[in-house]
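Colleague:
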Amino acid sequence: MPTGLFIRAQSIPSWSRTEVAMSNVQIGLLVLFGISAFGFVTLSIDLWRARRPGKGK
Numbered sequence: 002m003p004t005g006l007f008i009r010a011q012s013i014p015s016w017s018r019t020e021v022a023m024s025n026v027q028i029g030l031l032v033l034f035g036i037s038a039f040g041f042v043t044l045s046i047d048l049w050r051a052r053r054p055g056k057g058k
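The opening position of the sequence shown corresponds to residue 2 in the numbering used here, with each subsequent residue numbered one higher.
Here it is, written out as structure tokens:
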């Protein structure tokens, strides 16, 4: 029995065993992306409204 096969079987990363669950880093990046996208949309709307002639603040 080759020993390399046994070592390879034990070195499987934990993320490959649970494919459905997201890690904390992935959840954090998803939240950060959501906040950034919301901020970009609101800033774009604000700048678009301010550039309209006669309708700005």
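The beta carbon of each residue, even a glycine, is placed where N, CA and C say it ideally should be.
Hey, how far is the Cα of glutamine 27 from the Cα of proline 54?
Modeller: Going from the Cα of glutamine 27 to the Cα of proline 54 covers about 43 angstroms.
Colleague: Would you kindly work out how many angstroms separate the C-alpha atoms of valine 42 and arginine 52, rounded to a whole number?
Modeller: One C-alpha to the other measures close to 16 angstroms.
Colleague: Provide the residue span of the alpha helix (DSSP H) that contains alanine 51, from first to last.
Modeller: From DSSP, the alpha helix (DSSP H) with alanine 51 extends over 25 to 52.
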